[in-house]
Every structure is written in structure tokens, then in C-alpha cells.
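Participant: For the sequence shown, counting from 1, position 82 maps to 82 in the UniProt record's numbering; every step adds exactly one. In this text, a Cβ means the ideal position worked out from N, Cα and C, and glycines have one as well. All values reported here derive from a predicted model rather than from experimental measurement.
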Amino acid sequence: MEYFGKTFKEIRENRNFSLSDVCEEHISTAQFSRFEKGKTDISISRFYKSLKRLGVSLEEFEYILSGYQQSERNQLLEKLSKAYVNNDTDKIKSLLDKQEKRKNSSDEHDKWNYYMLKSIWGLMTEQEYLTTNEIKEMAGYLFSIEDWGYYQLVFYTNTITSYEFKTVMQFSKELVMRTAYYRKIPKNRQLVIQALLNTIYICAFKQKLKEGLYYQQIVQELLDETDLYYKTVLLVMSGLLDCIDSKLDKGKDKVDRAIQIFRDLDSDTLAKSYQQDYQKILALIEKS
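#1: Which value, in whole angstroms, describes the spacing of the CA atoms of T132 and S106?
#2: What does a CB cutoff of less than 7 Å around K37 pick up in its chain, not counting 5 residues either side in sequence?
#3: Determine the extent of the alpha helix (DSSP H) in which K187 is found, giving its start and end residues.
#4: Between the alpha carbons of E137 and Q75, how many angstroms are there, rounded?
#5: State yes or no: is the C-beta of S172 within less than 8 Å of the C-beta of Y215?
#6: Find out if the Cβ-Cβ distance for the pair I27, R46 is shorter than 8 Å.
#7: Look up T40 in the DSSP assignment and say whether it is helix, strand or coil.
#8: Alpha carbon to alpha carbon, what distance is there between Q152 and Y3?
#9: Roughly how many whole angstroms lie between the Cα atoms of S43 and E24?
#10: Going along the chain, which unbroken runs of the alpha helix (DSSP H) with 4 or more residues stay wholly within the segment 119-179?
#11: I need the DSSP call for F17, collapsed to helix, strand or coil.
#12: Quick check on the burial criterion: 16 or more other C-beta atoms within 10 angstroms. Buried or exposed for S81?
#13: Assuming L54 and I11 are in contact, meaning their beta carbons sit under 8 Å apart, how far apart are those beta carbons, in whole angstroms?
#14: Since F35 contacts D41 with CB under 8 Å, what's their CB separation in whole angstroms?
#15: Return helix, strand or coil for K103, following the three-state DSSP convention.
#16: Tell me which residue opens and which closes the alpha helix (DSSP H) that residue 293 is part of.
#17: Looking at C-beta atoms only, is the number of pairs between the segment 269-285 and the segment 192-212 that lie closer than 8 Å three or more?
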């Protein structure tokens with residue numbers, strides 16, 4: 001706790017708070033001074049109350065504590081997200097190879113991160129790299145946690161295409177039931193929206209129109225006027241659903257409009273990716 005106290009003191013002094021400003025009735029200034037000097041610990045509840053008096057979130061405090069560096073896990077997730085959006089398969093493969101060396105470490109998240117990268121790699125290369133047992137293990141992990149946090153939402157969003165359709169329906173319906181809880185936390189809300197958009201994507205390619213329309217309605221209700229990116233992706237998903245509903249002209253119009261928005265905003269990689277999804281849907285329809 002020595003570094004916790006030292007970091008707290010630095011923030012307090014930088015923001016011109018006195019000891020008495022952050023203590024009040026829940027802890028004495030003498031005890032808190034010893035905490036700042038690393039001579040004693042304080043309870044989580046007392047620490048949190050004092051942190052609130054500074055107007056600092058736990059996430060912000062952790063960021064400052066780490067020397068303004070993201071955690072190793074968050075750095076990996078950021079690199080993964082950037083590489084996926086840019087369709088950078090070489091970068092994904094590099095991350096996968098590095099993570100494979102850590103999959104058996106004492107930190108269980110290293111194994112889940114490895115599986116997550118295998119899932120993304122398989123999606124991007126249109127090959128299956130995860131074994132049946134690994135997929136069962138992944139699903140078991142998510143089923144074992146009643147209240148998903150940020151990491152579980154990230155994990156599900158990035159591995160969703162690896163599960164059987166019925167498993168996706170189970171997980172995504174649970175997300176819908178808990179959207180009131182998740183939407184209170186902005187980062188989690190965004191992940192829920194992305195997971196449900198991915199669910200619509202899966203429904204389209206499984207030609208499950210009824211289920212796809214259900215999740216489309218849910219996402220529409222979750223979005224507000226500022227969610228321009230998600231609204232544009234939803235327009236693509238809506239177009240794909242129209243296509244499997246034999247409304248090809250309507251579907252093409254929606255997809256074309258969305259792709260043009262991405263192009264106008266210089267998001268050419270996204271535009272190309274969704275254009276490819278549209279072509280895949282047309283090919284799927286021709287075969288059926």
C-alpha cells in the first residue's frame with residue numbers, strides 16, 4: 001500500500017486538497033497521513049470515500065499509479081482491437097504467437113487471451129483454429145460467472161463467432177435481460193451493443209431472420225443520437241437481414257448507404273470489410 005498512499009498524496013496536493021478535505025468523519029488526519037507515508041494501511045471503504053472526495057475514479061487512480069501506462073492486459077486488448085479494425089492479420093498472428101508462450105502461466109487470463117486471439121485469427125482467416133474442447137472450455141468459463149464484468153464482455157464479444165448458435169442465443173439473451181445494469185457503465189454499455197451487433201451478424205449468416213430482427217430491435221432501443229458508429233453498423237446488419245428476407249434491393253440500399261458513410265469518414269477498411277460481408281451473404285443466399 002506504500003505506493004497507493006504516495007500516489008494519493010501526489011494527486012491530493014496537485015489538486016490543492018488538504019488532509020482534512022479528504023478525511024472528514026470516516027478517518028482521522030493522523031491515520032491518513034501515516035497511510036500517505038506508507039506506514040500503515042487503510043480499509044478499502046475508507047480509501048474509496050477519500051478518493052471520491054478528490055473527484056477521482058478508481059480507474060483514473062490506477063492509471064496514475066501505473067505511471068500513466070495501461071495495464072498489460074488492456075494494452076493487449078487495444079492492440080487486438082486496432083489490428084482487427086485494420087484487418088491486420090500479420091499483427092494478430094504476432095500477438096497470437098506471443099500469447100501462446102504465456103498460455104500456461106499462473107494467471108488464468110493468459111489462457112483466455114490466447115483463446116480469444118485464436119478465435120479472432122480464425123475469423124479473419126476463415127479457418128477454425130480452436131479445438132472443440134477449447135470452445136467448450138470457453139463457454140464453460142462464461143457460464144461459470146453469473147455477473148459478467150468488463151473482461152468477460154470483451155471475451156464474449158471477441159469469441160462470439162466460435163460458439164454454437166444456441167450457445168450464442170443463451171449468452172446474448174442474458175445480456176439483454178441485464179442491459180439496465182450494464183448500460184450504467186459506459187465502457188460496458190459499448191461492449192454490450194457490440195456483442196449484440198455481432199449476434200445480429202451471426203443470425204444473418206445462419207439465416208435466422210426472427211432472431212436477428214429481435215436483436216435488431218434491442219440494439220435500436222439501446223442507441224442514442226451520439227452512437228453514430230454503432231448506428232452505421234446497425235444499418236449494415238439491417239441490410240443483411242433484409243437480404244435473407246428476400247428484400248435484396250432494400251438490403252443493398254442500406255448496405256450501400258452505410259458503406260458510403262464509412263468512406264466519407266475515411267474508414268475505408270471498415271467499408272471494405274462490410275462490402276465483403278454483403279457479398280458473402282449474397283453468395284450464401286444463392287446456394288440456399
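Facilitator: Put simply:
#1: 23 Å
#2: G5
#3: 186-205
#4: 25 Å
#5: yes
#6: yes
#7: coil
#8: 29 Å
#9: 15 Å
#10: 132-143, 150-159, 165-177
#11: coil
#12: exposed
#13: 6 Å
#14: 7 Å
#15: coil
#16: In the structure as shown, the chain begins at 1 and stops at 288. Residue 293 is therefore absent and cannot be evaluated.
#17: yes
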